[in-house]
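Residue numbers (this note's numbering): 87 to 148. Below is one structure; the comments refer to it alone.
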Amino acid sequence: MEPLPHWLEPAVASGALTLEQARILLVSLSPLQGTCCRELSAAEADASMRLFLYRCRCQGIQ
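Written out as structure tokens, the structure is:
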């Protein structure tokens with residue numbers, strides 16, 4: 087298993103994302119899986135929202 091990118095490590099370390107959610111994000115973001123227009127799965131959407139909320143908290147946005 088490859089290490090997480092540096093930009094995902096803090097979110098996992100803080101508990102905002104599980105390791106599984108981080109992996110789901112990485113797979114969903116990797117060259118958009120050959121398509122640029124597809125719907126996110128529920129797991130991808132959940133992980134994406136958790137990362138977004140984590141980043142908002144880090145920037146002090148309530």
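Think of the CB as a built atom: it goes at the ideal place given N, C-alpha and C, for glycine as much as any other residue.
When DSSP states are grouped into helix, strand and coil, residue 110 belongs to the helix group. Taking the CA atoms as reference points, residue 143 sits about 17 angstroms from residue 132.
Exposed is the label assigned to residue 147, since fewer than 16 other Cβ atoms lie within 10 Å of its Cβ. Straight across, the Cα-Cα distance linking residue 125 with residue 115 is about 12 angstroms. With respect to the C-alpha of residue 139, the residue from 89, 88, 98 and 91 having the closest C-alpha is 98.
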